[in-house]
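Going by our numbering, the first residue of the sequence shown is number 14, and it counts up by one from there.
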Amino acid sequence: MTTAQISADPVTRIVIIGGGTAGWMAASVLSKALAGRVSIQLIESDAIGTVGVGEATIPQIRLINHYLGLDENAFLKHCKGTFKLGVQFNNWGRIGDSYMHAFGDLGLPLGPLSFPHYWLRAQQEGVGGDLWNYSLNYQTAMQGRFSRLEKVGTSHLGGIKYAFHFDAGLYARYLRAGCEKRGVSRTEGRIVKTNLRGTDGFIESVTLESGATIAGDLFVDCSGFRGLLIEQALKTGYEDWSHWLPCNRAVTVASEPTGPMRPYTQATARQSGWQWRIPLQHRVGNGHVYSAAHISDDEAAHQLLQNLESPALSDPKTLRFKTGRRQQAWNRNCVALGLAAGFMEPLESTSIHLIQSGISRLVSLFPDRHFDPSLIDHYNRQTQFEYERVRDFLILHFKATQRRDTAFWQTCANMDIPHSLQEKIDLFSTTGRIIREGEELFTEMGWIQVFTGQHIKAQRHHPLADNITQSQLTEFLGNIEKLITHTVPSLPRHADFITHNCRAAA
Ligand SMILES: Cc1cc2nc3c(=O)[nH]c(=O)nc-3n(C[C@H](O)[C@H](O)[C@H](O)COP(=O)(O)OP(=O)(O)OC[C@H]3O[C@@H](n4cnc5c(N)ncnc54)[C@H](O)[C@@H]3O)c2cc1C
Numbered sequence: 014m015t016t017a018q019i020s021a022d023p024v025t026r027i028v029i030i031g032g033g034t035a036g037w038m039a040a041s042v043l044s045k046a047l048a049g050r051v052s053i054q055l056i057e058s059d060a061i062g063t064v065g066v067g068e069a070t071i072p073q074i075r076l077i078n079h080y081l082g083l084d085e086n087a088f089l090k091h092c093k094g095t096f097k098l099g100v101q102f103n104n105w106g107r108i109g110d111s112y113m114h115a116f117g118d119l120g121l122p123l124g125p126l127s128f129p130h131y132w133l134r135a136q137q138e139g140v141g142g143d144l145w146n147y148s149l150n151y152q153t154a155m156q157g158r159f160s161r162l163e164k165v166g167t168s169h170l171g172g173i174k175y176a177f178h179f180d181a182g183l184y185a186r187y188l189r190a191g192c193e194k195r196g197v198s199r200t201e202g203r204i205v206k207t208n209l210r211g212t213d214g215f216i217e218s219v220t221l222e223s224g225a226t227i228a229g230d231l232f233v234d235c236s237g238f239r240g241l242l243i244e245q246a247l248k249t250g251y252e253d254w255s256h257w258l259p260c261n262r263a264v265t266v267a268s269e270p271t272g273p274m275r276p277y278t279q280a281t282a283r284q285s286g287w288q289w290r291i292p293l294q295h296r297v298g299n300g301h302v303y304s305a306a307h308i309s310d311d312e313a314a315h316q317l318l319q320n321l322e323s324p325a326l327s328d329p330k331t332l333r334f335k336t337g338r339r340q341q342a343w344n345r346n347c348v349a350l351g352l353a354a355g356f357m358e359p360l361e362s363t364s365i366h367l368i369q370s371g372i373s374r375l376v377s378l379f380p381d382r383h384f385d386p387s388l389i390d391h392y393n394r395q396t397q398f399e400y401e402r403v404r405d406f407l408i409l410h411f412k413a414t415q416r417r418d419t420a421f422w423q424t425c426a427n428m429d430i431p432h433s434l435q436e437k438i439d440l441f442s443t444t445g446r447i448i449r450e451g452e453e454l455f456t457e458m459g460w461i462q463v464f465t466g467q468h469i470k471a472q473r474h475h476p477l478a479d480n481i482t483q484s485q486l487t488e489f490l491g492n493i494e495k496l497i498t499h500t501v502p503s504l505p506r507h508a509d510f511i512t513h514n515c516r517a518a519a
């Protein structure tokens with residue numbers, strides 16, 4: 014096929030189904046990337062509504078906000094957001110434990126090796142401090158401080174790496190305003206029928222309850238768990254991972270804001286699941302994620318309400334889900350994003366990121382109306398790889414537990430795990446190495462924090478970490494620790510930083 018033929022057959026009509034976080038993120042990026050070359054229509058139903066959760070993010074969200082030209086302070090004001098430096102995990106390895114998966118670096122690389130190799134050697138020789146003594150993010154989080162610090166003084170130590178907590182409904186509204194300025198048209202109404210082309214089963218159009226029919230070349234299914242197009246119409250199939258990630262329900266409730274405003278998410282393990290706490294400016298988001306095989310809905314809601322730090326603002330709401338992924342996130346002329354593409358529980362706040370990376374993959378593999386199968390294959394392979402690696406990281410939190418106090422934790426400790434995860438655990442346990450494959454999301458810094466926080470120890474360390482003497486090693490570690498200890502108290506309190514820069518109107 015020649016270039017002339019390709020450009021003669023471009024996609025000119027994109028239809029996005031759904032106006033949750035996924036729908037409006039997709040509309041935002043596509044309307045910017047394809048600037049005026051396509052018509053974009055988004056259909057959503059106020060009567061159906063959105064899932065109404067999804068308030069914690071990871072630092073990559075800043076990339077999409079930057080691409081869209083969003084001013085960070087204005088965005089936080091609008092979405093009543095706060096800053097997030099990591100996730101604190103309580104009671105996971107053992108009851109009484111607390112550790113953090115802090116964003117950003119640990120220490121500094123030295124010569125050919127990253128910092129964790131030197132820290133592992135120091136641990137084995139009984140010198141040096143706790144892993145998190147070398148995390149600027151962790152120390153800043155624990156003191157309830159925040160600043161946009163690019164680097165630490167004149168040192169080589171990297172600055173603070175952050176993400177946000179925000180009100181998901183307000184974020185969608187904020188994105189919608191930008192989309193409408195770029196010409197995205199929104200249709201309110203319930204889709205009752207998906208019309209397929211007889212010859213090849215591609216989607217031609219959708220029909221609304223009003224009788225209106227909306228046709229398109231490319232359909233982006235952001236319809237949430239129901240997967241209106243990708244599953245109900247195209248019967249794509251779903252790979253179920255609930256034998257590895259046993260939680261399948263969540264009960265959620267907002268509560269009154271509490272002080273001090275923590276710059277991190279909390280994930281506290283409970284008897285049959287875990288509870289999140291996400292501080293926003295105007296409320297705290299709370300949820301109890303649990304396995305329905307191990308606890309009733311009423312008991313789960315009771316445990317959630319008992320463990321709130323402040324009065325609830327509404328009645329709790331229960332959500333059901335099945336962990337897994339759509340077998341093909343892109344099928345024919347339909348790309349599924351968000352909950353329509355799959356769902357893994359929110360333990361590491363990865364769903365919004367998976368939406369974002371799906372959109373950027375779609376932009377880089379953007380088709381013409383021939384929908385070349387090799388583009389679709391690439392998209393699906395990359396998506397599968399990304400989902401499976403995130404899945405493995407999440408399973409680690411459940412598997413690496415010494416808790417045996419309830420049937421739920423016994424099940425987690427005894428379950429079989431994917432080979433890819435077992436390999437990672439074995440490699441680290443025996444050699445102290447963590448190898449990041451391809452573009453997998455979580456880095457060595459993330460894995461070592463969860464390994465260490467949940468008591469998986471390395472028996473050996475990298476031989477090149479022995480290239481310095483023990484006194485050089487102690488000095489190296491001590492200098493980093495000092496730098497962090499001196500830096501953190503000079504940073505503003507998180508709440509003060511918000512008041513001065515991005516406080517939402519009352
Ligand atoms: C318990 C829980 C906690 C979570 N926490 C986090 C978190 O902390 N961080 C994170 O990154 N992610 C989190 N997520 C995931 C996050 O909520 C979602 O990824 C995100 O909200 C995107 O949802 P969505 O847009 O795909 O679907 P939805 O919000 O469900 O939106 C679906 C849209 O489709 C429309 N629609 C559906 N059917 C029709 C129809 N027939 N006609 C017309 N319109 C229709 C609806 O009206 C709606 O607009 C969490 C999810 C759950 C379940």
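From the three backbone atoms N, C-alpha and C, an ideal C-beta is built for every residue, glycine too. Keep in mind the model is a prediction, meaning the values are calculated, not measured.
T396: buried (16+ other C-beta within 10 angstroms of its C-beta) or exposed? Here residue 396 refers to the residue found at position 383 when the sequence shown is read from its first residue. So T396 counts as buried.
Can you look up Y303 in the DSSP assignment and give me helix, strand or coil? Within the sequence shown, the letter at position 290 stands for residue 303. Y303 sits in a strand when the DSSP states are folded into three classes.
Any beta-carbon of chain C closer than 8 Å to the one on M428? As a matter of chain content, chain C is missing from the structure shown, which is built from one protein chain.
Does the beta-carbon of D143 have 16 or more other beta-carbons within 10 angstroms, so that it is buried, or is it exposed? As a working note, residue 143 is residue 130 in the sequence shown. Counting every other CB atom within 10 Å of its CB across the protein chains shown gives D143 a total below 16, marking it as exposed.
Which value, in whole angstroms, describes the spacing of the CA atoms of P505 and V51? In the sequence shown, residue 505 corresponds to position 492, counting from 1. In the sequence shown, residue 51 corresponds to position 38, counting from 1. Taking C-alpha positions only, P505 is separated from V51 by approximately 46 Å.
Local conformation of S484 per DSSP, three classes: Against the sequence shown, residue 484 aligns to sequence position 471. The answer is helix: DSSP assigns S484 an H, G or I state.
Smallest Cα separation from H391: which of S362, L360, V348 and K437? Translated into positions along the sequence shown, residue 391 becomes position 378. When only C-alpha atoms are compared, the closest one is V348.
Tell me, which residues are paired with M357 by DSSP? As a working note, residue 357 is residue 344 in the sequence shown. None; M357 has no bridge partner.
Near ligand 1: T363 beta-carbon under 7 Å from a heavy atom: Start at 1 with the first residue of the sequence shown, and residue 363 comes out as number 350. Short note on T363: C-beta closer than 7 Å to some heavy atom of ligand 1.
Could you spell out where the alpha helix (DSSP H) holding S370 opens and where it closes? Against the sequence shown, residue 370 aligns to sequence position 357. Residues S364 to S377.
Boundaries (first-last residue) of the alpha helix (DSSP H) holding V461: The sequence position of residue 461 within the sequence shown is 448, counting from 1. Note on identity: in this sequence residue 461 is Ile, with Val being the wrong assignment. Where I461 is concerned, the enclosing alpha helix (DSSP H) starts and stops at E457 to G466.
Below 8 Å on the Cβ atoms is my contact criterion, and I expect G117 with N146 to pass it. Report the Cβ-Cβ distance as a whole number of Å. As a working mapping, residue 117 is identified with position 104 in the sequence shown. As a working mapping, residue 146 is identified with position 133 in the sequence shown. Contact between G117 and N146 fails: their C-beta atoms lie close to 14 Å from each other, not under 8 Å.
In whole angstroms, give me the CA-to-CA distance for L496 and G166. Taking the sequence shown and counting its residues from 1, the one referred to as residue 496 is at position 483. Taking the sequence shown and counting its residues from 1, the one referred to as residue 166 is at position 153. Taking the straight line joining both Cα atoms gives about 9 Å.
Mapping the DSSP letters down to three states, classify H114 as helix, strand or coil. Here residue 114 refers to the residue found at position 101 when the sequence shown is read from its first residue. It is a strand residue.
Classify E201 as buried or exposed, calling it buried when 16 or more other Cβ atoms lie within 10 Å of its own Cβ. Walking along the sequence shown from the start, residue 201 turns up at place 188. Under this definition E201 is an exposed residue.
For H383, does the three-state DSSP call read helix, strand or coil? Along the sequence shown, one-based indexing puts residue 383 at 370. Reduced to three states, the DSSP call for H383 is coil.
Under 8 Å between C-beta atoms of N320 and V266: For the purposes of this step, residue 320 is taken as residue 307 along the sequence shown, with counting starting at 1. For the purposes of this step, residue 266 is taken as residue 253 along the sequence shown, with counting starting at 1. Taking 8 Å as the Cβ cut-off, N320 and V266 do not qualify as a contacting pair.
From D84, R262, Q284 and Q73, residue whose alpha carbon lies closest to that of R107: Your numbering for residue 107 matches position 94 in the sequence shown. Nearest option by C-alpha distance: Q284.
Return the Cβ separation of P380 and V24 in integer angstroms, given the expectation that the two are a contact with Cβ distance under 8 Å. Residue numbering aside, residue 380 sits at position 367 when the sequence shown is read from its first letter. Residue numbering aside, residue 24 sits at position 11 when the sequence shown is read from its first letter. Taking 8 Å as the upper bound for CB-CB distance, P380 and V24 are in contact here, some 6 Å apart.
Measuring only from the beta carbon, is T265 closer than 7 Å to any heavy atom that is part of ligand 2? With respect to small molecules bound, the structure shown includes ligand 1 and not ligand 2.
Count Cβ pairs between the stretch 231 to 242 and the stretch 333 to 351 that sit closer than 8 Å; are there 3 or more? These segments touch.
If you follow the beta strand (DSSP E) that F177 is in, where does it begin and where does it stop? To locate residue 177, count along the sequence shown from 1; it is residue 164. Here the beta strand (DSSP E) through F177 covers A176 to H178.
Taking Cβ to Cβ, would you say F356 is nearer than 8 Å to F384? The residue labelled residue 356 in the question sits at position 343 within the sequence shown. The residue labelled residue 384 in the question sits at position 371 within the sequence shown. No, the pair does not count as a contact, with Cβ atoms beyond the cut-off.
Helix, strand or coil: which one does DSSP assign to V64? Along the sequence shown, read from residue 1 onward, the residue named residue 64 stands at position 51. Three-state result, V64: coil.
Whole angstroms are fine: how far does the CA of K412 sit from the CA of H475? On the sequence shown, position 462 is the one that residue 475 refers to. On the sequence shown, position 399 is the one that residue 412 refers to. Roughly 26 Å between the two C-alpha positions.
Taking only the alpha-carbon atoms, compute the straight-line gap between I19 and R382 and give it to the nearest angstrom. For the purposes of this step, residue 19 is identified with residue 6 of the sequence shown, where counting begins at 1. For the purposes of this step, residue 382 is identified with residue 369 of the sequence shown, where counting begins at 1. Low local confidence applies: a pLDDT of 46 at I19 is under 50, so the model's placement there is unreliable, with the coordinate-based value given in what follows. Distance between the alpha carbons of I19 and R382: 8 Å.
Taking the CB atoms as reference points, tell me whether G237 and V64 lie closer together than 8 Å. Your numbering for residue 237 matches position 224 in the sequence shown. Your numbering for residue 64 matches position 51 in the sequence shown. Closer than 8 Å, so yes.
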